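Residue numbers (our numbering): 32 to 143.
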């Protein structure tokens with residue numbers, strides 16, 4: 032798990048895992064579906080209001096991909112969490128909850 036603030040690992044993951052994520056499923060997706068999975072040309076069809084969010088330091092899905100997704104959607108808002116990696120809902124929990132409750136517009140906003 033990639034974290035911006037690695038010192039908080041124990042705090043973020045103190046709850047036991049459900050064990051429902053099965054490595055076999057993840058491997059299948061990674062090696063069979065993911066190499067050919069590309070819906071960029073279909074994003075324009077999504078018309079409902081959409082939140083796109085990303086941690087500035089995301090190693091699994093870098094910000095550039097969230098920016099591309101946001102640009103391809105007609106009615107989206109990009110939220111960038113400056114002090115987060117892949118899990119802003121853990122690393123910036125209060126700001127994440129604020130993002131969800133405040134979602135109203137369509138402009139990019141950066142959280143410091």
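We put the CB at the ideal spot given by N, CA and C, even for glycine. Just so we're clear, the structure is a prediction, and the values are computed from it rather than from any experiment.
Contact check for residue 102 against residue 112 fails: the beta carbons are separated by 8 Å or more. Annotated three-state conformation of residue 72 is helix, per DSSP. Out of 99, 87, 95, the CA that lies nearest to the CA of residue 115 is found in 87. Membership of residue 48 in any alpha helix (DSSP H) is not indicated, and neither H nor E is assigned to it by DSSP.
The alpha-carbon of residue 64 is positioned some 26 Å away from that of residue 105.
Between residue 83 and residue 109, the gap from beta carbon to beta carbon is short of 8 Å. Residue 119 and residue 36 have their alpha carbons spaced roughly 11 Å apart.
Annotated three-state conformation of residue 34 is coil, per DSSP.
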